Amino acid sequence: MDLATLIGVVLGSVLLMGAILLGDAPGIFFNPPSVLIVFGGTLATAMIRFSMADVINSAKIAMNAFTMRGNNPQEVIAEIVNLAHVARKNGLIVLEQQPITDPFLKKAIMYCVDGHEADFIEEVLQKEVDLTITRHQVGQQVFNGMGTSAPAFGMIGTLVGLVQMLSVMDDPASIGPGMAVALLTTLYGAVLANFLFIPIADKLALRSQEEEQNRQLIIEGVLGILKGLNPRVMEEFLETFLPPKDRKNAMAGR
Amino acid sequence: MDLATLIGVVLGSVLLMGAILLGDAPGIFFNPPSVLIVFGGTLATAMIRFSMADVINSAKIAMNAFTMRGNNPQEVIAEIVNLAHVARKNGLIVLEQQPITDPFLKKAIMYCVDGHEADFIEEVLQKEVDLTITRHQVGQQVFNGMGTSAPAFGMIGTLVGLVQMLSVMDDPASIGPGMAVALLTTLYGAVLANFLFIPIADKLALRSQEEEQNRQLIIEGVLGILKGLNPRVMEEFLETFLPPKDRKNAMAGR
Amino acid sequence: MDLATLIGVVLGSVLLMGAILLGDAPGIFFNPPSVLIVFGGTLATAMIRFSMADVINSAKIAMNAFTMRGNNPQEVIAEIVNLAHVARKNGLIVLEQQPITDPFLKKAIMYCVDGHEADFIEEVLQKEVDLTITRHQVGQQVFNGMGTSAPAFGMIGTLVGLVQMLSVMDDPASIGPGMAVALLTTLYGAVLANFLFIPIADKLALRSQEEEQNRQLIIEGVLGILKGLNPRVMEEFLETFLPPKDRKNAMAGR
Amino acid sequence: MDLATLIGVVLGSVLLMGAILLGDAPGIFFNPPSVLIVFGGTLATAMIRFSMADVINSAKIAMNAFTMRGNNPQEVIAEIVNLAHVARKNGLIVLEQQPITDPFLKKAIMYCVDGHEADFIEEVLQKEVDLTITRHQVGQQVFNGMGTSAPAFGMIGTLVGLVQMLSVMDDPASIGPGMAVALLTTLYGAVLANFLFIPIADKLALRSQEEEQNRQLIIEGVLGILKGLNPRVMEEFLETFLPPKDRKNAMAGR
Amino acid sequence: MDLATLIGVVLGSVLLMGAILLGDAPGIFFNPPSVLIVFGGTLATAMIRFSMADVINSAKIAMNAFTMRGNNPQEVIAEIVNLAHVARKNGLIVLEQQPITDPFLKKAIMYCVDGHEADFIEEVLQKEVDLTITRHQVGQQVFNGMGTSAPAFGMIGTLVGLVQMLSVMDDPASIGPGMAVALLTTLYGAVLANFLFIPIADKLALRSQEEEQNRQLIIEGVLGILKGLNPRVMEEFLETFLPPKDRKNAMAGR
């Protein structure tokens with residue numbers, strides 16, 4: 004559960020709702036046709052930009068920004084160092100019976116047990132990481148794309164409203180409310196893009212980067228096991244992946 | 004057939020048309036001179052930017068965004084693994100008689116049958132992929148270029164209209180409609196760029212990226228056949244190109 | 004002769020002139036002081052940004068966007084394959100007497116005839132290509148720089164006009180025309196940048212990219228001749244530089 | 004202590020406060036609800052974008068922009084050259100007892116004393132530097148992210164204010180003050196982003212880059228010690244990291 | 004002396020001053036408080052962004068944009084080719100007594116005379132070039148940073164002025180002049196950024212790039228001398244650094 008995302012969404016919504024409900028004329032802010040233009044236009048554009056599957060997936064992916072928890076590289080390091088100890092004492096084959104929680108680590112260990120060469124294992128695992136990152140990027144692109152479309156359709160809606168209002172500008176008293184409604188789509192577009200779509204894309208990118216680093220760590224560790232590296236040396240090396248304050252080896256860092 | 008593109012265009016058009024037709028003064032939105040400035044200016048600029056052939060091609064390329072279907076890497080993997088089995092049993096020469104659906108795979112296999120060295124084959128195929136991507140990029144650039152020009156000419160049209168309106172500002176009643184017309188080119192430019200040109204460029208880029216990945220997969224596969232790799236190992240390796248849920252080998256992934 | 008550039012400039016100019024001449028008050032659009040601020044400011048800034056020689060050259064370079072013709076890679080491939088046949092039969096020395104139209108190809112062949120090593124030849128030719136591209140980029144940068152400056156000076160001119168108009172705002176009737184004149188510099192800047200400077204920079208970049216690819220093709224071909232590659236194999240390899248429809252070898256493609 | 008940051012913040016604040024307090028109606032500039040929308044919205048968005056820990060850390064990191072002092076590469080070079088002298092005379096083991104002030108240098112020397120191979124030491128130290136830079140970048144991203152969000156929420160606040168004002172536009176006398184308040188959030192957003200968030204992100208990036216260069220210098224120096232390089236040659240080499248005027252070896256440079 | 008920069012600054016200033024002095028109310032354009040906000044805010048932000056030394060240096064660096072002369076690669080090539088002739092006849096040691104004008108070339112030759120290995124010399128010189136470029140970039144960043152801050156503080160000043168004006172909008176006659184003054188800071192910011200800061204940053208970047216290429220040329224030349232390359236071959240190779248029209252060897256080019 005990514006609490007930060009949830010708290011951020013709730014806090015921002017409360018602030019905006021408060022500013023609207025405590026101000027003049029709160030009713031004017033809820034205008035179904037304006038919602039339709041901005042939401043519908045953004046969705047339609049996403050379908051032109053991406054494939055059907057990507058757009059449908061995006062709802063599920065957005066959930067990831069709320070539910071994904073960060074990885075815990077310390078646990079992974081401990082697990083790898085433990086496997087290194089086992090492998091040193093009893094050989095690689097024994098690793099097959101070890102319980103391994105991280106699925107990517109399990110896969111990597113299986114390649115070792117199967118007796119593939121280190122070069123092949125590194126190539127397959129690295130390709131797996133690269134292609135996973137590429138797949139994650141499509142999700143981020145969908146949200147970034149909607150973050151670009153929403154303000155654009157906000158502006159398009161406002162222009163349509165302005166043209167309509169200006170072309171029948173006979174009653175000066177109607178200018179204000181007409182203009183207020185015209186500005187609503189710009190407001191919707193700005194809120195959707197800056198408060199939801201782009202921040203969610205950024206969170207997805209952050210999580211993807213964390214995961215990539217975690218898997219890089221696993222690749223380094225498994226290659227070390229294959230080389231029969233001293234577990235203590237390996238631990239020291241893998242701990243460079245941690246911020247200094249999280250390291251067991253107190254020496255050095257910043 | 005890329006249904007997503009078609010549905011997106013129809014959905015967005017219905018929304019915009021609805022907002023215009025259900026609102027005040029729908030007639031004012033259709034203004035031939037404004038259409039001429041935005042469309043004509045965008046087209047003229049595209050011709051300065053690109054070659055004649057590229058601009059003429061762009062209409063055909065735009066169709067690709069509607070008609071291209073995504074590649075199916077699963078079928079390609081199955082085909083390659085099958086060829087690997089055949090090559091292992093009966094030698095490379097027999098591959099010539101195998102039916103092969105993907106033209107790039109066919110070309111790659113022909114190089115193998117002709118007895119070229121692996122290095123040469125990899126170099127030619129990789130260059131082919133790189134140059135195909137470069138050619139695709141010209142198509143994307145034409146649309147991105149029009150996506151930049153359309154709002155610019157929208158603004159130019161609005162500025163021309165504003166200068167004309169302001170210089171003869173004697174009748175206050177005419178200000179509204181004059182300004183409405185001046186804003187039309189900005190509206191046209193925003194719709195063309197954000198709803199058509201840029202999303203189509205993005206879809207073309209997405210398809211090009213998919214195709215590149217598919218061909219990369221083919222290159223890896225053919226090199227594996229040349230090396231006489233175990234078909235089962237090769238399948239496992241090629242499946243890293245698939246999202247985990249599409250893999251036959253259930254082990255690992257995410 | 005690059006017809007596309009010429010047609011683009013004429014078409015765009017006719018459209019803009021038409022919109023101005025057929026509208027109200029065409030006379031107001033031609034305002035020498037406004038021309039002076041936008042043109043002069045853009046020129047002055049270009050001189051701060053670049054060297055005197057680069058700015059003076061830019062007029063000549065702009066002509067290139069109109070006069071440069073695209074390269075014809077098919078002819079170059081035919082010429083190289085022909086040279087490869089000659090070299091195979093009669094040795095490299097004979098190539099000296101062959102008529103060669105492309106000057107870069109001629110230079111490359113001369114290096115071969117002089118008996119330099121393949122590594123040296125590749126290094127010199129590659130450096131030549133890289134440095135030519137770098138020199139071309141200065142020309143593109145001048146135009147892109149003017150494409151950035153023109154709208155900026157358009158805005159500066161408008162701000163000067165607005166401050167002047169607002170500071171003496173006693174006669175309401177004069178507001179309209181005053182504002183119209185103030186907006187003129189913004190219009191000039193937008194037209195210069197979006198219709199001329201930036202598209203010309205893009206065309207120069209496109210031509211430069213085509214030339215780079217053509218020279219890359221020549222380098223590959225000459226290295227093939229040095230290695231004594233089979234001319235038929237070489238032709239097949241060089242044709243990857245062509246779009247599939249232009250290839251003699253019907254096999255494969257896209 | 005980074006005096007420049009402090010002086011910059013004080014100078015800018017005095018200027019802004021002066022312009023406000025010496026002008027008309029200074030009281031109107033302090034509007035708690037507007038503060039809440041911009042600050043709160045920016046904070047909420049930062050929580051969606053980043054992890055909770057990153058956002059909380061950002062306050063501490065901001066302090067770094069005030070307190071971090073620049074590194075002193077001259078001292079580090081002197082220290083390394085001294086260690087090189089010691090190692091040449093008495094062997095690597097003796098380095099263990101040398102007092103070393105820089106913790107990263109100490110760590111690197113410890114690896115030498117432990118008898119690891121040069122390749123391993125270089126790999127671990129380089130990875131440490133790369134991952135430290137990656138961690139620093141998260142801090143910079145938080146501030147850059149808030150530098151993007153603040154103006155966006157400024158605009159959102161202004162749009163909300165404008166819609167409210169326009170929808171009840173019955174008393175012309177209230178337009179001015181209403182609009183003034185609506186513009187306040189835009190002002191807050193612009194000040195926060197351009198005067199605080201983005202410049203602090205830039206200072207953090209500058210310090211991070213300095214630190215990276217300093218550590219690169221240490222890696223080069225320690226590898227030189229391992230190779231048993233002549234200390235005088237090493238000093239000359241390491242001094243390329245200094246601007247020419249700070250070098251002891253007068254020869255050359257600019 | 005970089006005449007282009009000087010002429011550009013004078014020409015642009017004359018144009019702007021002319022437009023102001025020949026127009027209405029020239030006096031209104033000189034407003035000390037507005038100058039203070041834009042200049043002071045930009046300076047204060049530069050101090051937050053960079054180190055004190057960098058900001059103070061920037062005045063000296065700005066002078067470089069006026070005084071630096073372009074390098075003359077032809078002279079450098081002639082000098083290197085001459086040194087190559089001497090070294091071939093009398094050995095490397097004799098080079099010590101040769102008069103050498105370029106300080107970087109002198110340094111490089113000294114390394115040769117000192118008997119260092121080619122690999123070491125290349126590494127030191129390349130590092131020197133890379134780090135010099137990095138130091139130059141800080142100067143460019145200061146000006147680009149001020150080019151970003153100036154318009155931002157221009158907008159901030161205008162927003163402050165607008166809020167003040169709108170909050171006391173009782174006398175309609177005062178709106179015009181009030182707005183004129185408010186717009187002044189935007190004008191100042193736009194002129195400073197687009198006419199001075201950003202173009203100067205660009206000129207510094209251009210000069211830095213020229214210098215880098217010149218030093219790259221020297222590195223290639225000195226490595227050639229070490230290898231004992233034929234001076235005529237070396238000249239031909241080094242001339243690829245020149246535009247074709249400046250080459251002595253008429254052959255080829257474009």
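Chains as they are written, first to last, in the numbering used here: chain A, 4 to 257; chain B, 4 to 257; chain C, 4 to 257; chain D, 4 to 257; chain E, 4 to 257. Heads up, the beta-carbon is just placed ideally off N, CA and C, and yes, glycines get one too. In this text the structure is predicted, and so the values were computed from the model without any measurement.
Spatial distance of N217 (chain E) from R210 (chain E) (CA atoms): Taking the fifth sequence and counting its residues from 1, one reaches residue 217 (chain E) at position 214. Taking the fifth sequence and counting its residues from 1, one reaches residue 210 (chain E) at position 207. Those two C-alpha atoms are separated by around 10 Å.
Within chain B, the residues that T189 (chain C) reaches when beta carbons sit closer than 7 Å: Start at 1 with the first residue of the third sequence, and residue 189 (chain C) comes out as number 186. Near T189 (chain C) (Cβ distances below 7 Å), the residues of chain B are L162.
Counted within 10 angstroms of its Cβ, other Cβ atoms place D133 (chain A) as buried (16 or more) or exposed: If you number the first sequence from 1, residue 133 (chain A) lands on position 130. Label assigned to D133 (chain A): exposed.
Short-range partners of chain D found in the region 100-113 of chain E, where Cβ spacing is below 8 Å: P106, F107, K109, K110, M113
CA-to-CA distance, S54 (chain C) to K63 (chain C), given in whole angstroms: Counting from 1 along the third sequence, the entry for residue 63 (chain C) is found at position 60. Counting from 1 along the third sequence, the entry for residue 54 (chain C) is found at position 51. Their Cα atoms are separated by approximately 15 Å.
Three-state secondary structure assigned by DSSP to L209 (chain B): Position 206 of the second sequence, counted from the start, is the residue given in the question as residue 209 (chain B). Reduced to three states, the DSSP call for L209 (chain B) is helix.
Exposure of N197 (chain D), with buried meaning 16 or more beta-carbon neighbours within 10 Å: Taking the first residue of the fourth sequence as position 1, residue 197 (chain D) is located at position 194. Classification of N197 (chain D): buried, given that the 10 Å Cβ count is 16 or more.
Inter-residue Cα distance where the pair is V225 (chain D) and E99 (chain D): Along the fourth sequence, one-based indexing puts residue 225 (chain D) at 222. Along the fourth sequence, one-based indexing puts residue 99 (chain D) at 96. Going by the C-alpha atoms only, they are around 14 Å apart.
Candidates D:N85, D:F123, D:G44, D:P247: closest to M20 (chain A) by CA position: Position 17 of the first sequence, counting from 1, holds the residue named residue 20 (chain A). Ranking the options by Cα distance to M20 (chain A), first place goes to D:G44.
Boundaries of the alpha helix (DSSP H) in which L187 (chain B) is found, first to last residue: For the purposes of this step, residue 187 (chain B) is identified with residue 184 of the second sequence, where counting begins at 1. 178-194 is the span of the alpha helix (DSSP H), which, as asked, contains L187 (chain B).
Beta carbon proximity, V194 (chain B) to chain A, threshold 9 Å: Reading the second sequence from its first residue, position 191 is the one you call residue 194 (chain B). So, interface residue.
Contact list for P180 (chain A) against chain B, beta-carbon separation under 8 Å: Start at 1 with the first residue of the first sequence, and residue 180 (chain A) comes out as number 177. The contacting residues do not exist; P180 (chain A) stays about 13 Å from chain B at best.
Proximity test, Cβ basis, 9 Å: G256 (chain D) and chain E: The residue labelled residue 256 (chain D) in the question sits at position 253 within the fourth sequence. A caution first: G256 (chain D) carries a pLDDT of 38, below 50, which makes its placement in the model unreliable, though a value can still be read off. It does: the Cβ of G256 (chain D) has a partner Cβ on chain E nearer than 9 Å.
Buried or exposed (CB count within 10 angstroms, at least 16 for buried), E214 (chain E): Position 211 of the fifth sequence, counted from the start, is the residue given in the question as residue 214 (chain E). Per the 10 Å Cβ criterion, buried.
I201 (chain A), DSSP secondary structure in three states: Start at 1 with the first residue of the first sequence, and residue 201 (chain A) comes out as number 198. Three-state DSSP puts I201 (chain A) in a helix.
Q51 (chain D) at chain A interface by Cβ criterion, 9 Å: Indexing the fourth sequence from 1 puts residue 51 (chain D) at position 48. Sequence check: residue 51 (chain D) is Ile here, not Gln. By this cut-off, I51 (chain D) is an interface position.
Cα-Cα separation, A28 (chain B) to A28 (chain A): Position 25 of the second sequence, counted from the start, is the residue given in the question as residue 28 (chain B). Position 25 of the first sequence, counted from the start, is the residue given in the question as residue 28 (chain A). Their backbone Cα atoms lie some 27 Å apart in a straight line.
Beta-carbon spacing of Q143 (chain E), L207 (chain E) below 9 Å: Working through the fifth sequence from its first residue, we reach residue 143 (chain E) at position 140. Working through the fifth sequence from its first residue, we reach residue 207 (chain E) at position 204. In this structure, L207 (chain E) lies closer than 9 Å to Q143 (chain E) by Cβ.
Beta-carbon contacts of V84 (chain A) that lie in its chain and below 7 Å, excluding the five residues immediately before and after: Counted from its first residue, the first sequence places residue 84 (chain A) at position 81. The answer, listed in chain order, is P234, M237, E238.
Nearest-angstrom Cβ-Cβ length linking A155 (chain A) and A193 (chain B), presumed shorter than 8 Å: Looking up residue 155 (chain A) in the first sequence gives position 152. Looking up residue 193 (chain B) in the second sequence gives position 190. The pair is a contact, with the Cβ atoms about 6 Å apart (cut-off 8 Å).
Cutoff 9 Å: L18 (chain E) Cβ touching any chain C Cβ: Numbered from its first residue, the fifth sequence carries residue 18 (chain E) at position 15. Answer yes: the Cβ-Cβ gap between L18 (chain E) and chain C drops below 9 Å somewhere.
F32 (chain B) and L187 (chain B) closer than 9 Å at C-beta: The residue labelled residue 32 (chain B) in the question sits at position 29 within the second sequence. The residue labelled residue 187 (chain B) in the question sits at position 184 within the second sequence. Contact: yes.
G26 (chain D) at chain E interface by Cβ criterion, 9 Å: As a position in the fourth sequence, residue 26 (chain D) is number 23, starting the count at 1. Yes, its Cβ sits closer than 9 Å to a Cβ of chain E.
is_contact[K206 (chain D), chain A] using C-beta, thresh 9 Å: Translated into the one-based positions of the fourth sequence, residue 206 (chain D) becomes position 203. K206 (chain D) does not count as touching chain A.
Of the residues A:I51, A:T151, A:D105, the one placed nearest N265 (chain A), counting alpha carbons only: Outside the displayed range of chain A (4 to 257) lies residue 265 (chain A), so it cannot be described from this structure.
Cut-off 7 Å between Cβ atoms - residues of its own chain near F107 (chain D), not counting five sequence neighbours on either side: In the fourth sequence, the residue the question calls residue 107 (chain D) occupies position 104. Same-chain partners within the cutoff: R218, I221.
Inter-residue spacing [alpha-carbon to alpha-carbon] between M254 (chain C) and I112 (chain B): Mapped onto the third sequence, residue 254 (chain C) falls at position 251. Mapped onto the second sequence, residue 112 (chain B) falls at position 109. Residue placement at M254 (chain C) cannot be trusted, given a pLDDT of 49 that sits under 50; the coordinates are not used to answer.
Chain C contact residues for G148 (chain B), given Cβ-Cβ distances below 9 Å: Indexing the second sequence from 1 puts residue 148 (chain B) at position 145. Result: P202, D205.
Runs of alpha helix (DSSP H) wholly within the region 90-155 of chain E (minimum 4 residues, chain order): 106-116
Reduced DSSP secondary structure (H/G/I, E/B, other) of L25 (chain E): As a position in the fifth sequence, residue 25 (chain E) is number 22, starting the count at 1. Coil, per DSSP.
Any C-beta of chain E under 9 Å from that of N197 (chain D): Here residue 197 (chain D) is taken as the residue at index 194 of the fourth sequence, counted from 1. True, the Cβ-Cβ gap to chain E drops below 9 Å.
Residue-level contact to chain B via CB, F240 (chain C), 9 Å cutoff: Within the third sequence, residue 240 (chain C) is the residue found at index 237, counting from 1. By this cut-off, F240 (chain C) is an interface position.
Sequence-distant residues of the same chain with beta carbon closer than 6 Å to A87 (chain E), five excluded per side: If you number the fifth sequence from 1, residue 87 (chain E) lands on position 84. So the qualifying residues of the chain are I228, P234, M237.
Beta-carbon proximity of Q167 (chain E) to G26 (chain D), cut-off 9 Å: Counted from its first residue, the fifth sequence places residue 167 (chain E) at position 164. Counted from its first residue, the fourth sequence places residue 26 (chain D) at position 23. The answer is yes: Cβ separation under 9 Å.
As assigned by DSSP and simplified to three states, the class of M71 (chain B): In the second sequence, residue 71 (chain B) corresponds to position 68, counting from 1. Residue state, collapsed to three classes: coil.
First and last residue of the uninterrupted alpha helix (DSSP H) at R235 (chain D): Walking along the fourth sequence from the start, residue 235 (chain D) turns up at place 232. That run of the alpha helix (DSSP H) goes 234-241.
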